[in-house]
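Protein chains in written order, with the working numbering: chain A, 1 to 616; chain B, 617 to 808.
Ideal placement from N, C-alpha and C gives every residue a C-beta, glycine not left out.
Only one structure is covered here, and it is reproduced in the block below.
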Amino acid sequence: MNISDKIKIAKQTATVAGAFCLVISLLLLLNYLQMRSADPLESEVMETLVQRLRMEPGNEQLKQEIRQFDLLARKAYFTSLWQVRTGGYLLLFASIIMVVALRVYYSLIARIEKPEDEEETDDIAGRALSRRWILAGTGILVAIALVATFTVSDPVERYLAGAPISEEVEDQVERITITDPEPRPAPVPFPDDTATEDEDRVTEPGEEPGEATAEHAAPEVTPVSPAAPAFPGETAIRNNHNAIRGPWSNGVVYHDNLPVEWDGESGSNILWKVPIPLHAFSSPVIWGDRLFITGADADERKVFCFDRHTGDLLWEASADNIPGSPATPPRTTPDTGLGAPSATTDGIGVYAIFGTGDIIALDMEGNRLWARNLGVPDNHYGHSSSLISRGEKLFVQYDDLDQGRILCLNVLTGETIWDITRDSHVSWASPILANVDGSYQLVVKGNPIVAGYDIETGRELWSVSAMAGEVGPSPAYGGGLVFAANEYATMVAIDPASGNVVWEDNYYLPEVASPVYANGYVFIATTYAVVACLDAQTGETLWEYDTDNIFYSSPVVAGNRLYVTDISGNTYIFETGGEPNLLAQNSLGEEVYTTPAFADGRIYIRGEDHLYCIGN
Amino acid sequence: MERKKTKSRREFISSSARFGMVLALGGIGGLAFRKSTADQWVWQIDPFKCSWCGRCATHCVLNPSAVKCVHAYELCGYCDLCGGYLIPGHSDRSTAAENQLCPTAAIERKFIEEPYYEYKINESLCIGCAKCAEGCSAFGNGSLHLQIMHHLCVNCNECAIARVCPSDAIKRVKGSDPYLMKGDFTAGDGET
Ligand code: SF4
Ligand code: SF4
Ligand code: SF4
Chain A
1 MNISDKIKIA KQTATVAGAF CLVISLLLLL NYLQMRSADP LESEVMETLV QRLRMEPGNE
61 QLKQEIRQFD LLARKAYFTS LWQVRTGGYL LLFASIIMVV ALRVYYSLIA RIEKPEDEEE
121 TDDIAGRALS RRWILAGTGI LVAIALVATF TVSDPVERYL AGAPISEEVE DQVERITITD
181 PEPRPAPVPF PDDTATEDED RVTEPGEEPG EATAEHAAPE VTPVSPAAPA FPGETAIRNN
241 HNAIRGPWSN GVVYHDNLPV EWDGESGSNI LWKVPIPLHA FSSPVIWGDR LFITGADADE
301 RKVFCFDRHT GDLLWEASAD NIPGSPATPP RTTPDTGLGA PSATTDGIGV YAIFGTGDII
361 ALDMEGNRLW ARNLGVPDNH YGHSSSLISR GEKLFVQYDD LDQGRILCLN VLTGETIWDI
421 TRDSHVSWAS PILANVDGSY QLVVKGNPIV AGYDIETGRE LWSVSAMAGE VGPSPAYGGG
481 LVFAANEYAT MVAIDPASGN VVWEDNYYLP EVASPVYANG YVFIATTYAV VACLDAQTGE
541 TLWEYDTDNI FYSSPVVAGN RLYVTDISGN TYIFETGGEP NLLAQNSLGE EVYTTPAFAD
601 GRIYIRGEDH LYCIGN
Chain B
617 MERKKTKSRR EFISSSARFG MVLALGGIGG LAFRKSTADQ WVWQIDPFKC SWCGRCATHC
677 VLNPSAVKCV HAYELCGYCD LCGGYLIPGH SDRSTAAENQ LCPTAAIERK FIEEPYYEYK
737 INESLCIGCA KCAEGCSAFG NGSLHLQIMH HLCVNCNECA IARVCPSDAI KRVKGSDPYL
797 MKGDFTAGDG ET
């Protein structure tokens with residue numbers, strides 16, 4: 001074999017190895033891009049199928065589908081890993097061959113008789129240049145491919161940036177535009193008891209600065225008129241549904257003539273139904289004739305006010321331009337989103353908080369009173385604790401991954417009255433107010449503590465370490481006891497006067513829905529489709545009722561009836577007694593994750609896409 | 617309908633099956649020593665700080681991640697209803713795909729005796745996503761937890777996961793004692 005044959009072979013080998021490197025690099029890049037755009041292990045299809053199975057636990061065909069899809073997804077994932085690994089080795093191998101072949105090629109060429117001087121200089125310079133280009137080009141490609149080989153796809157990145165649910169839902173929502181809302185009368189003064197209940201009057205602002213910390217962003221304060229309004233008294237609160245789960249967020253409402261039967265499909269007893277302008281998992285709250293809900297996605301956070309008699313949208317207000325609000329909302333999961341906390345109202349204002357940490361106060365006409373950002377909550381699902389107020393105090397349970405924390409803000413100015421950190425991990429429960437021996441305590445459930453706080457100073461009055469895991473359900477208060485329960489933990493009944501645990505049980509435990517007390521019984525609704533009744537004094541399970549679906553919506557007691565709605569929109573109405581007595585089961589025909597609001601003769605349910613008013 | 621068996625769960629701890637599991641745990645430790653040397657500092661996860669955010673699966677420079685789930689058998693309740701194995705709201709307590717929480721089916725569930733089940737991690741399938749650890753911690757003692765496996769970890773100058781860990785759970789530990797396994801270690805131990 002002469003030298004030119006050798007040169008030819010070396011050149012061909014280098015070319016083939018080079019082409020091989022190129023193809024492998026491209027394939028690796030393709031694989032990388034594919035994995036990045038659709039990680040089979042985090043597939044939304046799978047999520048949807050699993051969600052559907054929760055709603056139809058007996059659907060065998062669906063189970064088969066899930067199994068097949070799961071197999072495919074895992075195959076796709078592991079095949080891709082195998083491809084990346086094998087591709088990486090092949091690339092390395094081919095690169096070595098190419099480099100060796102090039103080396104041989106150039107050393108052989110150097111051995112060939114030298115041409116004339118001037119040509120030689122040109123030729124060598126040209127060759128050196130092209131060699132550099134070839135090497136640089138190949139090097140870059142190989143480097144990119146190698147980086148891709150060892151870089152991972154990032155499903156966490158694909159958490160919807162705050163968008164609570166897939167875009168299709170957003171598309172389906174028929175947006176209501178406000179066309180010149182009629183001028184509303186001034187807020188109705190509270191007719192009932194402001195004159196008789198001294199304890200409900202406004203106290204001097206700033207009288208108890210408590211342990212307010214200075215490190216949090218200063219509120220954007222709108223000056224308040226010097227004459228502070230009279231805050232609602234017990235009767236006014238009782239007559240309204242001012243917070244999630246009703247007055248004092250306790251799951252008990254005080255209304256009569258409530259409907260017992262309805263049907264979403266035929267429209268029977270459905271007085272009106274309107275589309276929800278912006279999706280969220282927050283529940284409706286009511287003051288007087290007005291009903292408020294919030295909505296949120298990655299682009300906007302809003303409060304909507306409806307006329308509760310007609311379903312007309314009276315106004316909407318955006319929580320925007322708030323100092324300290326993050327430019328990019330924090331990541332949340334689709335089942336929580338940025339609008340999970342429910343608003344609260346006291347007839348003077350409506351107060352709403354979002355997963356961005358933005359908290360906003362609006363008057364009853366939708367004008368902004370104040371707004372501030374409490375610091376973006378570090379919460380891997382999304383902040384979901386609802387608000388509650390009493391007098392001039394607005395309470396915010398703000399437990400995140402960083403720190404357990406409760407804030408008390410002035411409803412009129414947004415200023416911090418007190419701000420405490422506490423021994424609790426991230427949680428998703430909401431605080432309640434419990435009237436213990438004539439004075440109110442803020443009862444808050446977290447992980448692991450259930451605790452009572454002095455509403456004036458934020459001082460911890462008692463604390464019981466009993467919870468574990470992801471704490472979703474809020475506490476309940478009744479019969480002199482605080483009830484706190486969590487799936488994977490336990491249920492405890494605590495005497496809030498002493499902080500002693502009266503009983504503990506872990507037979508039935510809720511995961512999302514909060515317990516409720518009525519007439520000596522405690523009721524819980526679980527995520528394994530059981531409604532259970534316990535003796536409030538002993539914790540003994542008195543009855544259980546298997547339903548068709550799981551419960552996220554919290555049960556609410558009205559008189560001697562318990563209303564509880566499962567996620568497919570069936571509301572079960574039980575008698576609140578020691579025997580399981582199902583009075584009615586009504587279908588709404590739409591998924592429900594929120595807790596209904598009640599008013600005299602009316603029930604308001606926020607479904608996934610529509611707001612319903614139910615009445616006789 | 618599901619009912620909890622927490623009242624009797626812990627009684628099982630003294631059974632002979634548990635003893636076998638503790639031996640198996642020793643096996644993991646031995647294997648893992650292969651790469652770290654005594655005078656080196658290596659990265660490790662403090663399982664009591666981990667908040668199961670999932671970034672361990674996605675941010676390691678290796679694919680799949682050097683982080684794997686390990687099981688502290690001596691803590692495990694051998695529950696039939698395992699929050700680490702079963703998806704919340706599962707339709708049945710079985711090994712069917714629709715009931716499994718692990719996206720790669722890396723956890724093997726084996727019946728021992730009524731009502732106890734053994735859960736074993738297949739390390740080659742685990743991607744370190746922490747879903748099981750989260751579920752297990754929610755249920756009780758968090759015997760399933762994450763660790764950086766030192767026969768895989770390349771001991772980057774700065775661990776790529778440590779940079780994004782929301783809980784500051786990843787720290788340097790001595791190469792002579794490179795694991796912070798639950799059971800051998802309780803919250804607060806070995807703080808530096
Ligand atoms: S990044 Fe931190 S919190 Fe997240 S799974 Fe890993 S160790 Fe746990
Ligand atoms: S759930 Fe995630 S961390 Fe647990 S075994 Fe499976 S892949 Fe590993
Ligand atoms: S040190 Fe490097 S290889 Fe090890 S776990 Fe961290 S990122 Fe992965």
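For the alpha helix (DSSP H) containing residue i, name the first residue and the last one.
{"i": "A/Ser107", "result": "Glu60 to Arg111"}
{"i": "A/Leu49", "result": "Glu44 to Met55"}
{"i": "B/His675", "result": "Arg671 to His675"}
Kindly identify the DSSP beta-bridge partner or partners of residue i.
{"i": "A/Glu544", "result": "A/Ala532"}
{"i": "B/Leu702", "result": "B/Gln716"}
{"i": "A/Tyr517", "result": "A/Val522"}
{"i": "A/Asp307", "result": "A/Arg290"}
{"i": "A/Asp505", "result": "A/Met491"}
{"i": "B/His687", "result": "B/Leu760"}
{"i": "A/Leu481", "result": "A/Gly478"}
{"i": "A/Ser318", "result": "A/Lys302"}
{"i": "A/Pro275", "result": "A/His610"}
{"i": "A/Leu313", "result": "A/Phe306"}
{"i": "A/Gly615", "result": "A/Arg602"}
{"i": "B/Lys726", "result": "B/Glu734"}
{"i": "A/Ile550", "result": "Beta-bridge pairing links A/Ile550 to no other residue."}
{"i": "A/Val252", "result": "A/Val557"}
{"i": "A/Val285", "result": "A/Phe292"}
In the DSSP assignment, the beta strand (DSSP E) including residue i goes from what residue to what residue?
{"i": "A/Tyr32", "result": "No beta strand (DSSP E) holds A/Tyr32; the alpha helix (DSSP H) holding it covers Ile3 to Ser37."}
{"i": "A/Ile348", "result": "Here A/Ile348 belongs to no beta strand (DSSP E), and DSSP marks it neither H nor E."}
{"i": "A/Ile360", "result": "Asp358 to Asp363"}
{"i": "A/Thr294", "result": "Arg290 to Ala296"}
{"i": "A/Glu234", "result": "Counting along the chain, A/Glu234 falls outside any beta strand (DSSP E), though it belongs to the alpha helix (DSSP H) covering Glu234 to Asn239."}
{"i": "B/Trp839", "result": "With chain B covering 617 to 808 only, the question about residue 839 of chain B has no answer from this structure."}
{"i": "A/Val557", "result": "Val556 to Ala558"}
{"i": "A/Trp262", "result": "Neither: A/Trp262 is in no beta strand (DSSP E) and is coded neither H nor E."}
{"i": "A/Arg372", "result": "Arg368 to Asn373"}
{"i": "A/Ser389", "result": "Ile388 to Arg390"}
Name the residue from the options whose alpha carbon lies nearest to the alpha carbon of residue i.
{"i": "A/Pro555", "options": "A/Pro596, A/Asp70 and A/Arg67", "result": "A/Pro596"}
{"i": "A/Ala319", "options": "A/Thr328, A/Ile276, A/His610 and A/Lys302", "result": "A/Lys302"}
{"i": "A/Phe231", "options": "A/Asp423, A/Arg390, A/Glu511 and A/Gln51", "result": "A/Arg390"}
{"i": "A/Ile80", "options": "A/Ile455, A/Ala558, A/Asp39 and A/Val464", "result": "The amino acid occupying residue 80 of chain A in the given sequence is Ser; Ile does not appear at that position. The candidate whose alpha carbon is nearest that of A/Ser80 is A/Asp39."}
{"i": "A/Ser465", "options": "A/Gln403, A/Val501 and A/Leu401", "result": "A/Val501"}
{"i": "A/Phe551", "options": "A/Gly559, A/Leu461 and A/Ser514", "result": "A/Ser514"}
{"i": "B/His766", "options": "B/Phe664, B/Cys676, B/Glu734 and B/Ser667", "result": "B/Cys676"}
{"i": "B/Glu729", "options": "B/Tyr694, B/His761, B/Thr711 and B/Asn679", "result": "B/Tyr694"}
{"i": "A/Asp535", "options": "A/Ser498, A/Thr576 and A/Val23", "result": "A/Thr576"}
{"i": "A/Pro275", "options": "A/His610, A/Ile614 and A/Asn616", "result": "A/His610"}
{"i": "A/Leu71", "options": "A/Ser43, A/Leu91, A/Ile97 and A/Met35", "result": "A/Ser43"}
{"i": "A/Leu620", "options": "A/Val396, A/Arg368 and A/Gln83", "result": "No answer is possible for residue 620 of chain A: it lies beyond the span of chain A, which begins at 1 and ends at 616."}
{"i": "A/Val426", "options": "B/Ser792, B/Cys669 and B/Ala713", "result": "B/Cys669"}
{"i": "A/Ile614", "options": "A/Gln12, A/Trp272, A/Tyr105 and A/Leu29", "result": "A/Trp272"}
Residues of chain C with CB closer than 7 angstroms to the CB of residue i, please, in chain order.
{"i": "B/Gly699", "result": "Protein chains in the displayed structure are A and B, and chain C is not among them."}
- Message: Please give the ranges of any alpha helix (DSSP H) in the segment 728-806 of chain B, keeping only runs that are unbroken, at least 4 residues long and fully inside the region.
- Response: 747-755
- Message: Please give the ranges of any beta strand (DSSP E) in the segment 392-479 of chain A, keeping only runs that are unbroken, at least 3 residues long and fully inside the region.
- Response: 393-397, 404-410, 416-422, 432-436, 439-445, 449-454, 460-465 and 476-478
- Task: Enumerate, from N- to C-terminal direction, the unbroken beta strand (DSSP E) stretches of 3 or more residues contained entirely within the segment 562-609 of chain A.
- Result: 570-575, 582-587, 597-599 and 602-606
- Would you say the segment 732-749 of chain B touches the segment 706-721 of chain B, given that touching needs at least three Cβ pairs under 8 angstroms? Touching, per the Cβ criterion.
- Message: Quick test of the definition: if touching needs 3 or more C-beta pairs under 8 angstroms, does the segment 306-318 of chain A touch the segment 280-289 of chain A?
- Response: Touching, per the Cβ criterion.
- Task: Give a yes or no on contact between the segment 228-248 of chain A and the segment 338-351 of chain A, applying the rule of three or more CB pairs nearer than 8 angstroms.
- Result: yes
- Message: Under 8 angstroms: do the segment 769-776 of chain B and the segment 685-694 of chain B share three or more Cβ pairs, one atom per stretch?
- Response: no
- Looking at C-beta atoms only, is the number of pairs between the segment 260-273 of chain A and the segment 577-588 of chain A that lie closer than 8 angstroms three or more? yes
- Query: Is the segment 561-568 of chain A touching the segment 59-74 of chain A in the sense that three or more CB pairs, one from each, lie closer than 8 angstroms?
  - Reply: no
- Task: Determine, using beta-carbon pairs with one atom in the segment 435-452 of chain A and one in the segment 344-358 of chain A, whether at least three such pairs fall under 8 angstroms.
- Result: no
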